[in-house]
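The structure under discussion appears below in the form of C-alpha coordinates.
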Amino acid sequence: MPSAPLVEPKATEGAGGAARRRVRIRRGSSRPSGGSRAFGTAPRPHGGATPWLYLAPALVVLGGLLVHPLYQLGLISLFEYTQAQVSGGAPTAFRGVGNYAELFGDPEFWQVLLATVVFAAACVVSTLAVGCALAVLLTRVRAVPRLALMLAALGAWATPAITGSTVWLLLFDPDFGPVNRVLGLGDHSWTYGRYSAFFLVLLEVVWCSFPFVMVTVYAGIRAVPAEVLEAAALDGASQWRIWRSILAPMLRPILVVVTIQSIIWDFKVFTQIYVMTGGGGIAGQNLVLNVYAYQKAFASSQYSLGSAIGVVMLVILLAITLVYLRLLRRQGEEL
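Residue 651 in my numbering sits at position 197 of the sequence shown, with consecutive numbering throughout.
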(Lines of atoms letter the chains of each structure in order from A and count residues from 1; the text may use other names and numbers.)
(Lines give C-alpha, C1' and ligand atoms only; values in the text may rest on other atoms or scores of the structure.)
Protein backbone atom coordinates (compact mmCIF):
# COMPACT_ATOMS: atom_id res chain seq x y z
CA MET A 1 0.00 0.00 0.00
CA PRO A 2 1.51 3.39 -0.95
CA SER A 3 2.24 5.80 1.91
CA ALA A 4 0.00 8.79 2.47
CA PRO A 5 1.31 12.02 1.00
CA LEU A 6 2.68 14.70 3.31
CA VAL A 7 0.35 17.36 1.89
CA GLU A 8 -3.23 16.67 1.02
CA PRO A 9 -5.11 19.42 -0.83
CA LYS A 10 -8.83 19.63 -0.45
CA ALA A 11 -11.12 21.92 -2.38
CA THR A 12 -14.27 23.23 -0.79
CA GLU A 13 -17.06 25.43 -2.12
CA GLY A 14 -17.64 28.60 -0.22
CA ALA A 15 -20.26 31.30 -0.43
CA GLY A 16 -20.53 32.76 -3.88
CA GLY A 17 -19.08 29.63 -5.50
CA ALA A 18 -15.41 30.63 -4.95
CA ALA A 19 -13.06 27.69 -4.40
CA ARG A 20 -10.78 27.88 -1.43
CA ARG A 21 -7.82 25.58 -0.96
CA ARG A 22 -7.01 24.28 2.47
CA VAL A 23 -3.68 22.66 3.08
CA ARG A 24 -3.43 20.09 5.81
CA ILE A 25 -0.04 18.97 6.98
CA ARG A 26 0.13 15.44 8.19
CA ARG A 27 0.31 15.24 11.98
CA GLY A 28 3.70 14.17 13.33
CA SER A 29 5.81 15.80 10.61
CA SER A 30 8.03 18.49 12.21
CA ARG A 31 9.81 19.57 9.04
CA PRO A 32 9.67 18.80 5.34
CA SER A 33 11.46 15.88 3.77
CA GLY A 34 15.05 16.27 2.69
CA GLY A 35 16.30 17.32 6.14
CA SER A 36 16.04 21.08 5.49
CA ARG A 37 15.40 23.43 8.44
CA ALA A 38 11.76 24.33 9.06
CA PHE A 39 10.72 27.83 8.16
CA GLY A 40 10.96 30.28 11.06
CA THR A 41 13.23 28.13 13.21
CA ALA A 42 16.04 30.12 14.82
CA PRO A 43 19.58 28.99 13.90
CA ARG A 44 21.51 27.12 16.51
CA PRO A 45 24.09 29.19 18.36
CA HIS A 46 27.74 28.48 17.85
CA GLY A 47 29.65 26.32 20.26
CA GLY A 48 30.66 27.85 23.57
CA ALA A 49 34.35 27.61 22.76
CA THR A 50 34.21 29.59 19.50
CA PRO A 51 34.16 33.11 21.06
CA TRP A 52 37.06 32.18 23.31
CA LEU A 53 39.11 31.15 20.29
CA TYR A 54 38.70 34.63 18.84
CA LEU A 55 39.60 36.22 22.18
CA ALA A 56 42.57 33.94 22.81
CA PRO A 57 45.26 36.18 21.19
CA ALA A 58 44.12 39.23 23.17
CA LEU A 59 43.90 37.19 26.39
CA VAL A 60 47.45 35.89 25.88
CA VAL A 61 48.77 39.43 25.42
CA LEU A 62 46.85 40.73 28.44
CA GLY A 63 48.04 37.77 30.48
CA GLY A 64 51.65 38.52 29.66
CA LEU A 65 51.35 42.27 30.23
CA LEU A 66 49.08 42.32 33.28
CA VAL A 67 48.69 39.02 35.09
CA HIS A 68 52.35 38.13 35.49
CA PRO A 69 53.49 41.62 36.65
CA LEU A 70 50.60 41.75 39.13
CA TYR A 71 51.59 38.32 40.42
CA GLN A 72 55.19 39.46 40.88
CA LEU A 73 54.01 42.66 42.59
CA GLY A 74 51.93 40.72 45.10
CA LEU A 75 54.69 38.16 45.64
CA ILE A 76 57.37 40.79 46.42
CA SER A 77 55.01 42.51 48.86
CA LEU A 78 55.00 39.34 51.00
CA PHE A 79 58.79 39.13 51.42
CA GLU A 80 61.60 41.15 52.95
CA TYR A 81 63.08 42.56 49.73
CA THR A 82 65.54 45.43 50.05
CA GLN A 83 68.87 46.36 48.50
CA ALA A 84 70.55 43.69 50.63
CA GLN A 85 68.42 40.96 49.05
CA VAL A 86 68.85 42.41 45.56
CA SER A 87 72.66 42.40 45.85
CA GLY A 88 72.71 38.93 47.39
CA GLY A 89 74.10 40.10 50.72
CA ALA A 90 71.13 38.74 52.70
CA PRO A 91 68.63 35.94 52.13
CA THR A 92 65.04 36.70 51.20
CA ALA A 93 62.75 36.24 54.20
CA PHE A 94 59.02 35.65 54.08
CA ARG A 95 57.08 38.29 56.04
CA GLY A 96 53.50 37.54 55.08
CA VAL A 97 51.39 40.57 55.90
CA GLY A 98 54.23 42.17 57.84
CA ASN A 99 54.86 44.75 55.12
CA TYR A 100 51.19 45.72 55.10
CA ALA A 101 51.15 45.97 58.90
CA GLU A 102 54.17 48.25 58.79
CA LEU A 103 52.58 50.32 56.04
CA PHE A 104 49.23 50.73 57.80
CA GLY A 105 51.00 51.62 61.02
CA ASP A 106 52.80 54.55 59.38
CA PRO A 107 50.88 57.84 59.88
CA GLU A 108 52.49 59.27 56.76
CA PHE A 109 50.80 56.61 54.63
CA TRP A 110 47.34 57.70 55.79
CA GLN A 111 48.14 61.37 55.17
CA VAL A 112 49.32 60.56 51.65
CA LEU A 113 46.26 58.37 51.03
CA LEU A 114 43.89 61.15 52.11
CA ALA A 115 45.71 63.69 49.94
CA THR A 116 45.57 61.28 46.98
CA VAL A 117 41.83 60.69 47.32
CA VAL A 118 40.99 64.40 47.63
CA PHE A 119 43.32 65.39 44.78
CA ALA A 120 42.03 62.63 42.48
CA ALA A 121 38.39 63.53 43.23
CA ALA A 122 39.05 67.19 42.42
CA CYS A 123 40.77 66.21 39.16
CA VAL A 124 37.94 63.87 38.11
CA VAL A 125 35.18 66.40 38.82
CA SER A 126 37.08 69.21 37.08
CA THR A 127 37.94 67.07 34.06
CA LEU A 128 34.35 65.90 33.60
CA ALA A 129 32.99 69.44 34.01
CA VAL A 130 35.39 70.97 31.49
CA GLY A 131 35.11 68.09 29.02
CA CYS A 132 31.29 67.98 29.07
CA ALA A 133 30.97 71.75 28.82
CA LEU A 134 33.26 71.91 25.80
CA ALA A 135 31.47 68.93 24.21
CA VAL A 136 28.18 70.87 24.40
CA LEU A 137 29.98 73.94 23.05
CA LEU A 138 31.18 71.96 20.05
CA THR A 139 27.57 71.30 19.08
CA ARG A 140 26.79 75.04 19.18
CA VAL A 141 29.63 76.55 17.13
CA ARG A 142 30.26 76.53 13.41
CA ALA A 143 32.57 74.19 11.54
CA VAL A 144 35.75 76.34 11.58
CA PRO A 145 35.76 77.15 15.34
CA ARG A 146 34.80 73.54 16.06
CA LEU A 147 37.73 72.25 14.02
CA ALA A 148 40.13 74.68 15.71
CA LEU A 149 38.95 73.64 19.18
CA MET A 150 39.21 69.95 18.30
CA LEU A 151 42.76 70.35 16.97
CA ALA A 152 43.84 72.33 20.04
CA ALA A 153 42.33 69.74 22.39
CA LEU A 154 43.87 66.81 20.55
CA GLY A 155 47.22 68.59 20.62
CA ALA A 156 46.98 68.85 24.42
CA TRP A 157 45.94 65.21 24.63
CA ALA A 158 48.86 64.05 22.47
CA THR A 159 51.46 66.01 24.45
CA PRO A 160 53.57 63.74 26.70
CA ALA A 161 53.00 64.27 30.40
CA ILE A 162 56.58 65.27 31.14
CA THR A 163 56.55 67.82 28.29
CA GLY A 164 53.26 69.32 29.39
CA SER A 165 54.43 69.52 33.01
CA THR A 166 57.61 71.33 31.98
CA VAL A 167 55.66 73.82 29.86
CA TRP A 168 53.26 74.57 32.72
CA LEU A 169 56.22 75.14 35.05
CA LEU A 170 57.63 77.67 32.59
CA LEU A 171 54.27 79.43 32.32
CA PHE A 172 54.01 79.78 36.10
CA ASP A 173 57.71 80.41 36.74
CA PRO A 174 58.17 83.10 39.43
CA ASP A 175 60.94 84.87 37.48
CA PHE A 176 60.16 84.45 33.77
CA GLY A 177 56.61 83.09 33.64
CA PRO A 178 54.01 85.17 31.79
CA VAL A 179 51.18 84.19 34.18
CA ASN A 180 52.62 86.10 37.14
CA ARG A 181 53.22 89.13 34.95
CA VAL A 182 49.66 89.14 33.63
CA LEU A 183 48.18 88.64 37.11
CA GLY A 184 50.62 91.07 38.73
CA LEU A 185 51.87 88.53 41.28
CA GLY A 186 55.55 89.46 41.01
CA ASP A 187 57.84 86.62 42.02
CA HIS A 188 55.14 84.46 43.62
CA SER A 189 56.12 80.77 43.66
CA TRP A 190 53.20 78.48 42.86
CA THR A 191 55.08 75.34 43.90
CA TYR A 192 56.14 76.60 47.34
CA GLY A 193 52.78 76.34 49.08
CA ARG A 194 51.07 72.98 49.41
CA TYR A 195 47.64 73.96 48.08
CA SER A 196 48.92 76.23 45.32
CA ALA A 197 51.21 73.43 44.12
CA PHE A 198 48.33 70.95 44.11
CA PHE A 199 46.20 73.51 42.26
CA LEU A 200 48.89 74.00 39.64
CA VAL A 201 49.21 70.25 39.10
CA LEU A 202 45.41 69.97 38.92
CA LEU A 203 45.33 72.51 36.10
CA GLU A 204 47.90 70.52 34.14
CA VAL A 205 46.09 67.22 34.74
CA VAL A 206 42.79 68.69 33.57
CA TRP A 207 44.50 70.26 30.55
CA CYS A 208 45.85 66.94 29.33
CA SER A 209 42.76 64.87 30.32
CA PHE A 210 39.69 66.85 29.24
CA PRO A 211 40.11 66.13 25.47
CA PHE A 212 39.26 62.44 26.03
CA VAL A 213 36.05 63.40 27.83
CA MET A 214 35.21 66.12 25.31
CA VAL A 215 35.61 63.93 22.22
CA THR A 216 33.78 60.95 23.75
CA VAL A 217 30.84 62.97 25.04
CA TYR A 218 30.63 64.98 21.81
CA ALA A 219 30.32 61.75 19.83
CA GLY A 220 27.53 60.65 22.15
CA ILE A 221 25.67 63.96 21.80
CA ARG A 222 25.82 63.72 18.00
CA ALA A 223 24.11 60.33 18.27
CA VAL A 224 21.13 61.81 20.16
CA PRO A 225 18.18 62.46 17.82
CA ALA A 226 17.96 66.14 16.93
CA GLU A 227 14.15 66.04 17.27
CA VAL A 228 14.45 65.39 21.00
CA LEU A 229 16.66 68.42 21.59
CA GLU A 230 14.52 70.63 19.34
CA ALA A 231 11.38 69.62 21.23
CA ALA A 232 13.00 70.46 24.56
CA ALA A 233 14.17 73.85 23.23
CA LEU A 234 10.66 74.64 21.91
CA ASP A 235 9.24 73.82 25.36
CA GLY A 236 11.48 76.53 26.81
CA ALA A 237 14.10 74.32 28.49
CA SER A 238 17.42 76.00 29.22
CA GLN A 239 20.74 74.51 28.17
CA TRP A 240 21.41 73.33 31.71
CA ARG A 241 17.94 71.71 31.92
CA ILE A 242 18.46 70.00 28.56
CA TRP A 243 21.77 68.61 29.77
CA ARG A 244 20.46 67.50 33.16
CA SER A 245 17.13 66.03 32.06
CA ILE A 246 17.84 64.77 28.53
CA LEU A 247 21.49 64.50 27.55
CA ALA A 248 22.94 63.22 30.83
CA PRO A 249 20.46 60.31 31.19
CA MET A 250 20.87 59.33 27.54
CA LEU A 251 24.66 59.58 27.76
CA ARG A 252 24.92 57.72 31.07
CA PRO A 253 26.79 54.67 29.64
CA ILE A 254 29.36 56.98 28.04
CA LEU A 255 29.69 59.02 31.22
CA VAL A 256 30.29 55.81 33.17
CA VAL A 257 33.21 54.92 30.91
CA VAL A 258 34.87 58.35 31.04
CA THR A 259 34.33 58.59 34.81
CA ILE A 260 35.97 55.23 35.52
CA GLN A 261 38.84 56.05 33.16
CA SER A 262 39.35 59.43 34.84
CA ILE A 263 39.33 57.87 38.31
CA ILE A 264 41.98 55.35 37.29
CA TRP A 265 44.19 57.95 35.56
CA ASP A 266 43.93 60.64 38.24
CA PHE A 267 44.32 58.30 41.20
CA LYS A 268 47.67 57.06 39.93
CA VAL A 269 49.11 60.40 38.78
CA PHE A 270 52.90 60.31 38.95
CA THR A 271 54.67 62.34 36.27
CA GLN A 272 52.92 65.66 36.89
CA ILE A 273 53.46 65.56 40.66
CA TYR A 274 57.04 64.34 40.39
CA VAL A 275 58.10 66.91 37.78
CA MET A 276 56.16 69.97 38.92
CA THR A 277 56.80 69.62 42.68
CA GLY A 278 60.33 68.26 42.50
CA GLY A 279 59.52 64.74 43.69
CA GLY A 280 56.69 65.46 46.11
CA GLY A 281 57.11 69.05 47.26
CA ILE A 282 58.88 70.57 50.23
CA ALA A 283 59.13 67.95 53.03
CA GLY A 284 56.81 65.69 51.04
CA GLN A 285 53.82 68.03 51.34
CA ASN A 286 52.59 67.15 47.83
CA LEU A 287 53.06 63.40 47.92
CA VAL A 288 50.50 61.10 46.34
CA LEU A 289 50.48 57.31 46.53
CA ASN A 290 52.31 56.71 43.28
CA VAL A 291 55.16 59.09 44.17
CA TYR A 292 55.16 57.74 47.73
CA ALA A 293 55.57 54.19 46.40
CA TYR A 294 58.40 55.33 44.13
CA GLN A 295 60.22 56.94 47.05
CA LYS A 296 59.84 53.84 49.21
CA ALA A 297 60.89 51.43 46.47
CA PHE A 298 63.73 53.26 44.76
CA ALA A 299 64.83 56.16 46.94
CA SER A 300 64.79 54.08 50.13
CA SER A 301 65.42 50.68 48.44
CA GLN A 302 62.43 49.19 50.28
CA TYR A 303 61.05 47.33 47.30
CA SER A 304 58.67 45.22 49.36
CA LEU A 305 56.99 48.31 50.88
CA GLY A 306 56.72 49.90 47.44
CA SER A 307 55.07 46.73 46.13
CA ALA A 308 52.66 46.72 49.07
CA ILE A 309 51.63 50.29 48.24
CA GLY A 310 51.05 49.21 44.63
CA VAL A 311 48.80 46.35 45.78
CA VAL A 312 46.84 48.72 48.03
CA MET A 313 46.33 51.11 45.10
CA LEU A 314 45.09 48.25 42.92
CA VAL A 315 42.60 47.11 45.56
CA ILE A 316 41.32 50.66 46.09
CA LEU A 317 40.77 51.23 42.37
CA LEU A 318 38.98 47.89 41.98
CA ALA A 319 36.78 48.65 44.98
CA ILE A 320 35.86 52.14 43.70
CA THR A 321 35.02 50.78 40.24
CA LEU A 322 32.92 47.90 41.56
CA VAL A 323 31.01 50.11 44.00
CA TYR A 324 30.32 52.67 41.27
CA LEU A 325 29.03 50.01 38.87
CA ARG A 326 26.93 48.43 41.62
CA LEU A 327 25.27 51.75 42.42
CA LEU A 328 24.41 52.21 38.75
CA ARG A 329 22.93 48.72 38.51
CA ARG A 330 20.78 49.41 41.55
CA GLN A 331 19.37 52.38 39.67
CA GLY A 332 18.42 50.04 36.83
CA GLU A 333 21.08 51.16 34.34
CA GLU A 334 22.13 48.74 31.62
CA LEU A 335 25.90 48.85 31.14
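Where a beta carbon is used, it is the ideal one built from N, C-alpha and C, also for glycine.
Can you tell me where the alpha helix (DSSP H) holding P632 begins and where it ends? From DSSP, the alpha helix (DSSP H) with P632 extends over 632 to 637.
Distance check for A687 and I616, CA to CA, integer angstroms please. For I616 and A687, the distance between alpha carbons rounds to 44 angstroms.
Helix, strand or coil: which one does DSSP assign to T536? DSSP places T536 in strand when its eight states are reduced to three.
A496, DSSP secondary structure in three states: Because the pLDDT at A496 is just 48, under 50, the model does not fix this residue reliably, and the point stays unresolved.
First and last residue of the uninterrupted alpha helix (DSSP H) at N553: 552 to 558
Whole-Å CB distance - V655 paired with M730, under 8 angstroms assumed: Separation of the CB atoms of V655 and M730 is rounded to 5 angstroms, and the pair is thereby assigned contact status at 8 angstroms.
Tell me whether Q565 sits in a helix, a strand or coil according to DSSP, three-state version. helix
Would you mind giving the Cβ-Cβ distance between T581 and S663, rounded to the nearest angstrom? I have them listed as a contact below 8 angstroms. 5 angstroms
Quick check on this structure: which residue in Y778, L608, A680, P523 has the alpha carbon closest to the alpha carbon of M400? As shown, the chain starts at 455 and ends at 789. That puts residue 400 outside it, with no answer to give.
How would you call P665, buried or exposed, if buried means at least 16 neighbouring beta carbons within 10 angstroms? buried
Option in T536, Y554, F721 with minimal Cα separation from A773: Its Cα nearest to that of A773, the residue F721 stands out among T536, Y554, F721.
V566 vs L743 beta-carbon contact at 8 angstroms: yes
Neighbour-count burial assignment, E684, 16 or more Cβ in a 10 Å radius: That one is exposed.
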